[in-house]
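Here the numbering used here is used: the first residue of the sequence shown is -1, the next is one more, and so on. We put the beta carbon where it would ideally sit given N, CA and C, even for glycine.
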Amino acid sequence: YMKTCRDKLASWIGNIVENESSKREYFMVDKVPRTHCPQDLFTALNHQFTIATQQLRGTPFVSVIGMILEAMDLFKSLLETHIVENCGEFDDEYFCAMLNSCYDVSQKLKEKSDAILDQPDLYRISDADITNLENQFDDRICLFTNLGKHCAVLLAHKIFNDVLRENVFAVMWSDAYLKRTPDENEEMRSLVLTLSEFFDDFKQWIEEAYFYWEMVKGAVHIITDEYIACIVSKKPNMDSERLAQYARADIKVLDEFFGNDEQFGDIKKLWHTKSKILDAIPGALECELGFFDSIAKPLFANNDKLVKYIRSLRKKKEKKDKQEMAASAIEDEDEQEQRKNKTIKKFKQLITNK
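Dropping the structure here:
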């Protein structure tokens, strides 16, 4: 019986995901996109749940419930493959619908878990089996919650690949970019305007706020990492202080956007960490001799190439600073000599007068 059920469930689940992969359909419920996938899945599973809850007790009951939960592993694996391999082609609404489907599955599993574990005496299950089933349900709920998080991060990558890579980061640090003054560059303003439009849509389309904020966090990681990678790959040919001016102008726009606590209070801690890294770039580029290590410290952990590039730019600055310090020292010596000569002259005049 168990083998037959496993084979049937595997076949049904394979068909459900294959159908989902080929059709990629979604429908709207209260302006939230959804797919038929969770409903199709539990239509297939509910027959086995019904047999277990109405006809089985004790060890056979626990075994069948465990078999059903094991089938969820196959569904998760096939669904994840569908998402990862095809997400670059998804419409934004369908992508959000798939994310919502992960949440729907986790919630339906929680409902099943509560219904069973709230009345263990009815199903004659031992304390050990209760713990076993609790762990199995929790593992599968976490499985689909984590898949939803993965979807959220993939959605952030899709925004970057579809819009930001070519329209913003490909232009940044180009000749055209550097011909304009730092305040004239519109790339970062275009970036935050684009993100704002996407975020407004996704906030409405993603049902569970937790997954929305995971998408926003993903976007923050991608943008800060890509900004640093862009500097390292293009290596703008300019003095360190001028580069610092461009970087500071870009970072200011990002900070005004993500640092808005009213809009992004849920990621305040993450943005604080990322902004410290970004702020260290212009600081390290233009700081005085002797202060580099302390100011550039936030960059040392995972940005070796950036630190190396900044050090190379600073060589000219440090040479210039040393020359200016030497010239200033010579001027000071000249001034001291002049003051000394004046003092001696006055002293001689005083002696003569006496």
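{"query": "Neighbourhood of Ala8 by C-beta, 8 Å cutoff - its chain only, sequence neighbours within 5 removed", "result": "Ala69 and Leu72"}
{"query": "Enclosing alpha helix (DSSP H) for Met186 [first to last residue]", "result": "Glu185 to Trp203"}
{"query": "C-alpha distance - Trp203 paired with Asp102, whole-angstrom precision", "result": "14 Å"}
{"query": "Length of the line joining the Cα atoms of Asp127 and Gly263", "result": "42 Å"}
{"query": "For Ala95 and Glu205, the rounded distance between their alpha carbons", "result": "9 Å"}
{"query": "As assigned by DSSP and simplified to three states, the class of Val15", "result": "helix"}
{"query": "Meets three-Cβ-pair contact criterion under 8 Å: the segment 148 to 162 and the segment 192 to 202", "result": "yes"}
{"query": "Supposed contact pair Leu43 and Ile66 - C-beta distance, whole angstroms, cut 8 Å", "result": "6 Å"}
{"query": "Residues that Val27 bridges to, as DSSP identifies them", "result": "Val30"}
{"query": "Reduced DSSP category for Arg55 - H, G, I as helix; E, B as strand; rest coil", "result": "coil"}
{"query": "Three-pair Cβ contact test at 8 Å for the segment 210 to 228 versus the segment 236 to 243", "result": "no"}
{"query": "Three CB pairs or more closer than 8 Å across the segment 164 to 182 and the segment 111 to 122", "result": "no"}
{"query": "Straight-line gap, Thr129 to Ser75 (C-alpha atoms, nearest Å)", "result": "25 Å"}
{"query": "At least three beta-carbon pairs within less than 8 Å, the segment 212 to 220 to the segment 280 to 292", "result": "no"}
{"query": "First through last residue of the alpha helix (DSSP H) which encompasses Val166", "result": "Premise fails: Val166 is in no alpha helix (DSSP H) and is neither H nor E."}
{"query": "Span of the alpha helix (DSSP H) around Pro296", "result": "Unbroken run through Pro296: none, as it is neither H nor E."}
{"query": "Three-state class that DSSP yields for Ser124 in the structure shown", "result": "coil"}
{"query": "With 16 other Cβ atoms within 10 Å as the buried cut-off, status of Phe255", "result": "buried"}
{"query": "Helix, strand or coil at Phe289 according to DSSP, with G and I counted as helix", "result": "coil"}
{"query": "Per-residue DSSP class, three states only, for Tyr175", "result": "helix"}
{"query": "Contact belief for Leu152 with Ile81 at Cβ below 8 Å, rounded distance in angstroms", "result": "7 Å"}
{"query": "Those runs of the beta strand (DSSP E) which lie wholly inside the segment 209 to 254 and span at least 3 residues", "result": "none"}
{"query": "Close Cβ partners of Glu402 (< 6 Å) along its chain, the five nearest in sequence each way excluded", "result": "Past the boundaries of the shown model lies residue 402; the chain is included only from -1 to 352, so the question cannot be answered."}
{"query": "Interface flag, Lys295 vs chain D, CB-CB below 8 Å", "result": "Here chain D cannot be found, since the structure has a single protein chain."}
{"query": "Contacts around Gln46, its chain only, beta-carbon distance under 8 Å, and the 5 residues preceding and following it disregarded", "result": "Cys3, Leu7, Val62, Met65 and Ile66"}
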